[in-house]
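Numbering (UniProt numbering) for the sequence shown: 1 to 183. Where a beta carbon is used, it is the ideal one built from N, C-alpha and C, also for glycine. Given the structure is predicted, the values throughout are model-derived calculations rather than measurements. So the structure is just underneath, and the comments pick up after that.
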Amino acid sequence: MSPERTTLILAIGNPARLDDGLGPSFAAAIERQDVETGATAGRAATNFAAETASQPEADVEVCWDYHLQIEQAEDVARAERVIFVDADRIGPAPFSLRRVEPSQEPVRFTSHGVSPSGLLGLTEELHGRRPEAWILGIRGYEFDGFGERLSGGARDNLTAALDHISRLLGISETSRPAGREHA
């Protein structure tokens with residue numbers, strides 16, 4: 001199976017569980033942006049930036065779900081690059097961006113989904129594809145309780161993560177909101 005798109009953003013989280021909704025909020029904000037040609041040229045702060053800058057045009061598909069699912073292996077196989085986006089309870093603020101490799105461990109089939117490395121391993125096993133993959137962990141603070149709102153700190157961290165990834169992928173920032181707020 002050959003890649004059909006440059007970048008797949010797979011965001012996970014529950015938008016009804018406060019800061020656990022950072023992944024879906026990130027996905028919604030990215031979907032509202034326009035992709036520009038060549039905006040990443042000259043940005044090489046990380047390996048991700050250097051690899052992205054060589055692409056003449058950012059072709060981005062965005063999906064979100066409550067958990068990663070084994071069915072998403074086919075979507076991953078069609079991508080050249082995958083960015084998994086999730087809320088992070090203990091990581092650094094405002095966010096962390098790290099490379100992830102396919103797991104060689106068997107995928108555990110549970111009702112709670114699979115890990116990014118497990119999904120990559122399954123993709124490699126089923127489709128013979130091993131796309132470049134990254135995990136974007138956006139620092140959140142409020143996870144206990146229910147509500148479709150992000151804490152102030154999480155909104156700030158979301159904005160920083162959106163700015164960073166938008167620059168790397170060459171996505172316009174003209175219409176991007178600072179984060180989702182609900183009453």
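Worksheet item: Between which two residues does the alpha helix (DSSP H) carrying L136 extend?
Response: Unbroken run through L136 is the beta strand (DSSP E), E132 to R139; no alpha helix (DSSP H).
Worksheet entry | Proximity to E124 [Cα-Cα], best of I70, N14 and R149 | The shortest CA-to-CA distance from E124 to any of I70, N14 and R149 is the one to I70.
Item to complete: Using 10 angstroms around the beta-carbon of P116, count the other beta-carbons present and answer buried if the total reaches 16, otherwise exposed.
Response: Buried is the call here.
Worksheet item: What did DSSP end up calling E125 once you bin it into helix, strand or coil?
Response: helix
Worksheet item: What's the C-alpha gap between S103 and G118?
Response: 5 Å
Fill in: Own chain partners of L126 with C-beta closer than 6 Å, once the 5 adjacent residues on each side are dropped
Cβ neighbours of L126 beyond the five flanking positions: A73.
Discussion item. Out of V100, P15, L10 and W64, which one is the CA nearest neighbour of G140?
Written reply: P15
Worksheet item: For the candidate residues D86, R17 and L18, whose alpha-carbon lies nearest to that of L162?
Response: D86
Worksheet item: Excluding the five sequence neighbours on either side, which residues of its own chain have a C-beta within less than 7 Å of the C-beta of L158, listed in chain order?
Response: L22, S25, F26, I138, L150 and G179
Item to complete: Assign T52 to one of two classes, buried (16 or more other C-beta atoms within 10 Å of its C-beta) or exposed (fewer than that).
Response: Below a pLDDT of 50, predicted positions are generally treated as unreliable, and T52, at 43, falls in that range; the measurement from the model is reported next regardless. Per the 10 Å Cβ criterion, buried.
Worksheet item: How would you label I171, buried or exposed, when you count the other beta carbons within 10 angstroms and need 16 or more for buried?
Response: By the Cβ-count criterion, I171 is buried, with 16 or more other Cβ atoms from all chains shown falling within 10 Å of its own Cβ.
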